[in-house]
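In our numbering, the protein residues as written are 56 to 249.
Below is the structure:
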């Protein structure tokens, strides 16, 4: 199948385990965007032949709070985005969907990596619910060994800092509001700004 980049508003890599109830809403809410699903072998029955899906083999080591699983699905999805000609893409969790994708997309800065927010707990860290930016930068951020200590956001934040990407990173959570928010399906909560 051939993909014409110009027909899409942007590229969204939906990474992680398939949530059957959230999948149709993700497709609906991100309509007009190129969706690349990067999930696990065994989830084939949830997708159609029109979907672009990578079915990854699960590793033996999940890493701390499944960081290694996130790494594999993120890497492979963004690598495919690059092969398809996308310089920038959005890494998005498979258990979340936006109320208004265009409005969220329009909050992103093209000058650095975009995260939801900075949390001032345990020394401070970036949240990794989504990351928008250059595919190569996001792939480099997730170039992390399958660590079994600490928590994923700490390791990701350290990696962003080590790569020199923290100074230009942007947190866009304060731009969310009741018309631009995110539903976290797995936890049945709405992530919103004001």
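Note that CB positions come from ideal geometry on N, CA and C, so glycine has one too.
A quick note: this is a predicted structure, and the numbers were derived from the prediction, not measured.
By the beta-carbon neighbour count (other beta carbons within 10 angstroms, threshold 16), residue 210 is buried. Under the three-state reduction of DSSP output, residue 224 falls in the coil class, being neither helix nor strand.
Within the segment 96 to 146, complete alpha helix (DSSP H) segments of at least 4 residues are found at 122 to 138, given in chain order. For residue 85, the three-state secondary structure derived from DSSP is coil. If you draw a 10 Å sphere on the C-beta of residue 231, you find 16 or more other C-beta atoms in it, and that means buried.
Rounded to whole angstroms, the Cβ separation of residue 182 and residue 170 is 6 angstroms, and the two are in contact under 8 angstroms. The beta carbon of residue 202 sits closer than 7 angstroms to the beta carbons of 118, 119, 122 and 210 from its chain, once the five residues preceding and following it are set aside; these are given in chain order. Pairing residue 192 with residue 221 gives a Cβ-Cβ distance that is not under 9 angstroms.
Rounded to whole angstroms, the separation of the alpha carbons of residue 198 and residue 215 is 10 angstroms. For residue 218, the three-state secondary structure derived from DSSP is coil. Across the set 196, 188, 176 and 88, the C-alpha of 196 shows the shortest separation from the C-alpha of residue 218.
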